[in-house]
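Student: Per this note's numbering, the very first residue in the sequence shown carries number 13; after that it's consecutive. The structure that follows is given in the form of structure tokens.
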Amino acid sequence: MADYTGYSAFDGGEELWSTLQSNLDNWINDPENGGNSIKLPTTVERIDIADLEAVLNGEKSVDQLKCNN
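Written out as structure tokens, the structure is:
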């Protein structure tokens, strides 16, 4: 049985997005392309799972959701 401890469903997506940004930055900055770009630091914001469950259970409104960094 697979061990998913510490695994997030977002891990693959975040890695894919980071790789895309790095590859695009490298391509733009390649002397053959003559561009200039800077890859900005990554920021991640997620909804607290307990708050999301409370919204889905009707205990909180969507307006009460907050994101964590």
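Glycine is no exception: its CB is placed at the ideal position from the N, C-alpha and C atoms. The structure displayed is predicted, hence computed values, not measured ones.
What is the DSSP secondary structure of Asp59, reduced to helix, strand or coil?
Tutor: In the sequence as displayed, the identity of residue 59 is Ile instead of Asp. Three-state DSSP puts Ile59 in a strand.
Student: Using CA coordinates, which residue listed in Leu32, Asn45, Lys72 is at the minimum distance from Ile61?
Tutor: Lys72
Student: On the three-state DSSP scale, how would you describe Ile50?
Tutor: coil
Student: Starting from Asp23 and walking both ways along the alpha helix (DSSP H), at which residues does that stretch end?
Tutor: 23-41
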